[in-house]
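Structure record follows, encoded as structure tokens.
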Ligand code: IPM
Ligand code: MG
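Residue numbers (our numbering): 8 to 370.
As structure tokens, this is what we get:
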């Protein structure tokens with residue numbers, strides 16, 4: 008078979024971003040050699056580093072490079088020094104612009120408990136043992152993007168902040184389809200989360216998802232209000248298989264689901280559009296407090312690389328190989344600070360990377 012060639016745009020970003028990205032690139036190089044895949048890496052600026060270099064969190068050149076690649080691997084953005092800039096210059100605005108610019112409406116955030124890390128969870132072992140949840144979050148609509156938005160001045164001279172939570176039928180249907188298809192490939196259970204008891208936008212959401220379900224008779228659909236869903240996630244998370252929800256509820260619930268697994272430092276994500284390159288990034292942020300100290304956990308970045316191979320480049324065997332290496336590296340007792348427990352070996356970001364490479368290179 009001819010060698011597959013992939014153009015990958017790397018966005019290391021801020022904080023711990025460059026350190027964890029370096030590990031992911033090393034892993035990809037080894038995987039490339041093993042599976043006869045050639046990766047052409049192009050780096051671009053995003054977030055705070057882009058603001059410092061160009062004044063903008065998402066330079067046009069970055070978006071263009073991403074558009075012309077087969078997949079985008081992103082590490083993390085943000086840091087204290089950029090927190091007080093006007094909104095259009097914040098690192099977060101760059102990330103939202105990237106999602107919107109590439110049309111990445113579907114965000115897949117898996118939260119899976121690894122047996123090796125079960126004691127890292129703050130919840131009881133019997134509550135989290137076996138948890139395997141996929142949150143499908145709508146990513147380019149809802150209150151994050153709805154119009155009107157802004158801080159306006161009323162007739163009395165008082166300021167009034169406004170955001171609008173809005174979804175069209177088409178927006179609900181396309182994320183709904185991704186969710187039903189995802190559930191179908193998993194345990195066949197889909198829970199749609201909304202606030203239909205209060206919000207019109209949620210009523211439409213529920214109506215459309217219910218309608219779509221007739222096309223997926225093999226998937227068992229349920230609905231929960233978001234407050235109840237948050238409660239159920241910490242009370243009895245094993246009842247969930249696939250969750251589908253809007254942008255803001257998905258933001259909140261995916262952090263809660265992540266923490267069931269013990270450390271947000273372990274969780275990857277994939278952001279996908281109708282066509283074109285996806286963006287693959289850890290769920291965690293840039294952790295400026297430990298940046299540059301070789302303390303970061305690179306495993307979420309490495310697992311995001313596996314998601315890139317699986318969902319973005321259709322190389323599932325290579326993805327499996329990376330995931331297996333992550334299990335093995337943990338089995339050997341390697342732990343970064345965020346997942347450290349008694350009897351394990353505390354390692355730095357680079358050492359974790361080296362241990363992974365060693366495992367990957369074993370026949
Ligand atoms: C996330 C983050 C982002 C979001 C921020 C950084 C804009 O919290 O990816 O979950 O709210 O979507
Ligand atoms: Mg978030």
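Note that beta-carbon positions come from the ideal geometry of N, C-alpha and C, so glycine has one too.
Do residue 21 and the ligand IPM come close, with the Cβ less than 6 Å from some heavy atom? Here residue 21 corresponds to residue number 14 of the chain shown, with the count starting at 1. In this structure, residue 21 has its beta carbon at no less than 6 Å from each heavy atom of the ligand IPM.
Presumed contact (8 Å Cβ cut-off) between residue 16 and residue 67, rounded CB distance: By 1-based counting over the chain shown, the position of residue 16 is 9. By 1-based counting over the chain shown, the position of residue 67 is 60. The beta carbons of residue 16 and residue 67 sit about 14 Å from each other, so the pair does not count as a contact at 8 Å.
Examine the Cβ distances between the region 55-69 and the region 80-94 and report whether three or more of them are shorter than 8 Å. By the Cβ rule, the region 55-69 counts as touching the region 80-94, because three or more pairs are nearer than 8 Å.
Would you report the Cα separation of residue 43 and residue 35, rounded to the nearest angstrom? As a first step, residue 43 is located in the chain shown; it is residue number 36 there, counting from the start. As a first step, residue 35 is located in the chain shown; it is residue number 28 there, counting from the start. Answer to the nearest angstrom: the Cα atoms are 11 Å apart.
With residue 241 and residue 185 assumed to form a contact (beta carbons below 8 Å), what rounded beta-carbon distance in angstroms separates them? By one-based count along the chain shown, residue 241 stands at place 234. By one-based count along the chain shown, residue 185 stands at place 178. About 26 Å separates the CB atoms of residue 241 and residue 185; that is not less than 8 Å, and the two are not in contact.
When we look at the beta-carbon of residue 175 and count the other beta-carbons within 10 Å, is it buried (16 or more) or exposed? Along the chain shown, one-based indexing puts residue 175 at 168. Label assigned to residue 175: exposed.
Determine whether the beta carbon atoms of residue 81 and residue 330 lie at a separation below 7 Å. The sequence position of residue 81 within the chain shown is 74, counting from 1. The sequence position of residue 330 within the chain shown is 323, counting from 1. Not in contact: residue 81 and residue 330 (Cβ atoms no closer than 7 Å).
So the alpha helix (DSSP H) residue 267 belongs to, where does it begin and stop? Position 260 of the chain shown, counted from the start, is the residue given in the question as residue 267. 254-267 is the extent of the alpha helix (DSSP H) around residue 267.
How about residue 76 and residue 14: are their beta carbons less than 7 Å apart? Your numbering for residue 76 matches position 69 in the chain shown. Your numbering for residue 14 matches position 7 in the chain shown. Inclusion of residue 76 and residue 14 in the CB contact set at 7 Å is warranted, their separation being smaller than that value.
Where in the region 176-242 do unbroken runs of the alpha helix (DSSP H), each at least 4 residues long, occur, reported from the N-terminal end onward? Correct list: 176-192, 207-219, 233-242.
Cβ-based neighbour list, residue 223, same chain, cut-off 6 Å, excluding 5 preceding and 5 following: Translated into positions along the chain shown, residue 223 becomes position 216. Taking residue 223 as the centre and dropping the five residues before and after it, the same chain places the C-beta of 187 closer than 6 Å to its C-beta, in chain order.
Between which residues of its own chain and residue 156 is the CB-CB distance below 7 Å, once the five residues before and five after are set aside? Translated into the one-based positions of the chain shown, residue 156 becomes position 149. Correct list, in chain order: 169, 170, 171.
Taking 7 Å as the cut-off, decide whether the C-beta atoms of residue 84 and residue 109 are in contact. Here residue 84 refers to the residue found at position 77 when the chain shown is read from its first residue. Here residue 109 refers to the residue found at position 102 when the chain shown is read from its first residue. No.
Pair every Cβ in the region 297-316 with every Cβ in the region 324-338, then say whether three or more of these pairs are closer than 8 Å. Three or more beta-carbon pairs drawn from the region 297-316 and the region 324-338 are found closer than 8 Å, and the two stretches are therefore classed as touching.
Three or more beta-carbon pairs under 8 Å between the region 258-270 and the region 116-136, yes or no? Yes, the region 258-270 touches the region 116-136.
Among all the DSSP beta bridges, which residues are the ones paired with residue 244? Walking along the chain shown from the start, residue 244 turns up at place 237. BP columns for residue 244 are empty, so no partner.
Using a strict less-than 6 Å threshold between each residue's beta carbon and the heavy atoms of the ligand MG, what residues do you get? The set of residues whose C-beta lies within less than 6 Å of a heavy atom of the ligand MG reads, in chain order, 258, 262.
So, using beta-carbon positions, are residue 351 and residue 360 closer together than 7 Å? As a first step, residue 351 is located in the chain shown; it is residue number 344 there, counting from the start. As a first step, residue 360 is located in the chain shown; it is residue number 353 there, counting from the start. Result no, Cβ atoms of residue 351 and residue 360 do not sit closer than 7 Å.
With a CB to CB cut of under 6 Å and the five nearest residues on each side skipped, what residues in its chain are close to residue 304? Here residue 304 is taken as the residue at index 297 of the chain shown, counted from 1. Closer than 6 Å at the Cβ level, and outside the excluded window around residue 304, lie 272, 343, 345.
Using 10 angstroms around the beta-carbon of residue 21, count the other beta-carbons present and answer buried if the total reaches 16, otherwise exposed. As a working note, residue 21 is residue 14 in the chain shown. Per the 10 Å Cβ criterion, buried.
Could you confirm whether any beta carbon from chain B is found closer than 7 Å to the beta carbon of residue 212? The structure shown has no chain B; it contains just one protein chain.
Would you mind listing the beta strand (DSSP E) stretches within the region 59-121 that are 3+ residues and don't spill past its ends, in chain order? Given a length threshold of 3 residues, each whole run of the beta strand (DSSP E) inside the region 59-121 is given here in chain order: 78-83, 113-119.
Can you determine whether any heavy atom of the ligand IPM sits closer than 6 Å to the C-beta of residue 111, and answer yes or no? By 1-based counting over the chain shown, the position of residue 111 is 104. No, Cβ of residue 111 sits at least 6 Å from all heavy atoms of the ligand IPM.
Alpha carbon to alpha carbon, how far is residue 114 from residue 276? Give it in angstroms, no decimals. Locating residue 276 in the chain shown gives position 269, where the first residue counts as 1. Locating residue 114 in the chain shown gives position 107, where the first residue counts as 1. Going from the Cα of residue 276 to the Cα of residue 114 covers about 7 Å.
Between residue 367 and residue 32, what straight-line distance do the alpha-carbon atoms span, to the nearest angstrom? As a first step, residue 367 must be located in the chain shown, where it is residue number 360. As a first step, residue 32 must be located in the chain shown, where it is residue number 25. Roughly 13 Å separates the two Cα atoms.
If I measure Cβ to Cβ from residue 298 and keep anything under 7 Å in the same chain, skipping five residues before and after, which residues do I get? Translated into positions along the chain shown, residue 298 becomes position 291. 22, 23.
Would you say the beta carbon of residue 162 comes nearer than 6 Å to a heavy atom of the ligand IPM? Counting from 1 along the chain shown, the entry for residue 162 is found at position 155. Within the chosen limit of 6 Å, the ligand IPM does not reach the beta carbon of residue 162 with any heavy atom.
If you compare alpha carbons, which of 231, 111, 264 is closest to residue 282? Reading the chain shown from its first residue, position 275 is the one you call residue 282. In terms of Cα proximity to residue 282, the closest of 231, 111, 264 is 111.
Taking residue 256 as the reference, which of 194, 51, 236 has the closest Cα? For the purposes of this step, residue 256 is taken as the residue at position 249 of the chain shown. Residue 256 has its Cα closest to that of 236, out of 194, 51, 236.
Does residue 334 come out as helix, strand or coil in the three-state DSSP assignment? Within the chain shown, numbered from 1, the residue matching residue 334 stands at position 327. Residue 334 sits in a helix when the DSSP states are folded into three classes.
Among 253, 357, 243, 238, which has the Cα closest to the Cα of residue 201? Mapped onto the chain shown, residue 201 falls at position 194. Taking each of 253, 357, 243, 238 in turn and checking the Cα distance to residue 201, the smallest one comes out for 253.
Using a Cβ-Cβ cutoff of less than 6 Å, which residues in the same chain neighbour residue 153 once the five nearest sequence positions on both sides are dropped? As a working note, residue 153 is residue 146 in the chain shown. Taken in chain order, the residues that qualify are 171, 172, 173.
Going by beta carbon distance, what residues of the same chain come within less than 7 Å of residue 307, once the five residues before and after it are set aside? Sequence index remark: in the chain shown, residue 307 carries index 300 (1-based). Once the five neighbours on either side are set aside, the close Cβ partners of residue 307 are 272, 273, 274, 275, 289, 290, 291.
Following a CB-centred definition, is residue 281 positioned closer than 6 Å to any heavy atom of the ligand IPM? Within the chain shown, numbered from 1, the residue matching residue 281 stands at position 274. Relative to the ligand IPM, the beta carbon of residue 281 is positioned no closer than 6 Å to any heavy atom.
Own chain partners of residue 38 with C-beta closer than 6 Å, once the 5 adjacent residues on each side are dropped: Along the chain shown, one-based indexing puts residue 38 at 31. So the list reads 325, once near-sequence residues are dropped.
To the nearest angstrom, report how far apart residue 247 and residue 198 are at their CA atoms. As a first step, residue 247 is located in the chain shown; it is residue number 240 there, counting from the start. As a first step, residue 198 is located in the chain shown; it is residue number 191 there, counting from the start. One C-alpha to the other measures close to 7 Å.
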